[in-house]
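Visitor: Residue numbers for the sequence shown follow the numbering used here, beginning at 18 and rising by one. By construction, the Cβ of each residue, glycine as well, lies at the ideal position given by its N, Cα and C atoms. Before I ask anything, here is the structure I am working with.
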Amino acid sequence: MRALRPSSENEMVATFLNAELTSPRFKASLTETLRKHGHSEALLTTPDLANPTQNELRLQLLGDYRGYRQNRELFTDFPDSLSWQLVMLTPSELLDVLYINYSYWTALTNGTRRPTDAVPFIRRGGLVFDRLPTDNFLNLATNLRNGATWPPLICVRATTTTDPLVVLEGHARLTAMALAPDHIPHETPVLLATSPAITAWPCY
């Protein structure tokens, strides 16, 4: 792991929202939240992190949309104050990142939460919970092979020593990289927060 620079909550929030705006799973819900608040997609696609008003609007959006700083949904018991940094991970480090502790991702990996353990299940056309197809990950892997570039993953960890990194945002992209490991860049950018407080988050 190579540390590049300090980051911030505002950068994390902007990155999270911009990434999910391109997600087939989340785009409709996020677009509806934008519409409800009367904001355009430009607030997410061209964020000005030096603009306090914009930053506050994005914080409100992530709260309404996914429960950030509202102690609900994905962010139930998620710490309010974390220090963020931008780091670069090698392919092997990236594939050691774990999925969140959530039923879909544990089912996909037979309980390990490791992206590489999802690969055989996806390649044989497995259905999560015997009903949810996984071919979307194969499509993303094809995009990666064709040169797609993506926003940084967002990860958390408890300490800087032996505790694992857990992905907060970017599960589908991480899965695509596991399916096409030869096309993972030499280094991949990750927004990372490190804090013992993260162990209180049930998804860790």
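Whole angstroms are fine: how far does the CA of Ala45 sit from the CA of Val136?
Guide: As a working note, residue 136 is residue 119 in the sequence shown. As a working note, residue 45 is residue 28 in the sequence shown. Taking the straight line from one Cα to the other gives about 27 Å.
Visitor: Less than 7 Å between C-beta atoms, sequence neighbours within five positions excluded: which residues of the same chain meet that for Ile201?
Guide: Position 184 of the sequence shown holds residue 201. Hits under 7 Å: Pro108, Leu111, Met194.
Visitor: What span of residues does the alpha helix (DSSP H) with Trp218 cover, start to end?
Guide: Taking the sequence shown and counting its residues from 1, the one referred to as residue 218 is at position 201. Unbroken run through Trp218: none, as it is neither H nor E.
Visitor: Tell me the DSSP secondary structure of Ala210 in three-state form.
Guide: In the sequence shown, the residue the question calls residue 210 occupies position 193. Residue state, collapsed to three classes: strand.
Visitor: What whole-angstrom Cβ distance do Val207 and Pro169 have, given they're in contact under 8 Å?
Guide: Walking along the sequence shown from the start, residue 207 turns up at place 190. Walking along the sequence shown from the start, residue 169 turns up at place 152. About 6 Å separates the two Cβ atoms, so the contact holds.
Visitor: Trp122 lies in the alpha helix (DSSP H); which residues open and close that run?
Guide: Taking the first residue of the sequence shown as 1, we reach residue 122 at position 105. Run containing Trp122: 120-125, per the alpha helix (DSSP H) assignment.
Visitor: Could you tell me the alpha carbon to alpha carbon distance between Asn72 and Arg141, rounded to whole angstroms?
Guide: Numbered from its first residue, the sequence shown carries residue 72 at position 55. Numbered from its first residue, the sequence shown carries residue 141 at position 124. Rounded to whole angstroms, Asn72 to Arg141 spans 43 Å at the Cα level.
Visitor: Kindly give me the distance between the Cβ atoms of Arg89 and Val30, rounded to whole angstroms, as I take these residues to be in contact under 8 Å.
Guide: By 1-based counting over the sequence shown, the position of residue 89 is 72. By 1-based counting over the sequence shown, the position of residue 30 is 13. The Cβ separation is near 16 Å, so there is no contact.
Visitor: For Val104, which residues in the same chain have their Cβ closer than 6 Å to its Cβ, ignoring the five residues on either side in sequence?
Guide: Taking the sequence shown and counting its residues from 1, one reaches residue 104 at position 87. These residues qualify, in order along the chain: Met18, Ala20, Val207, Leu209.
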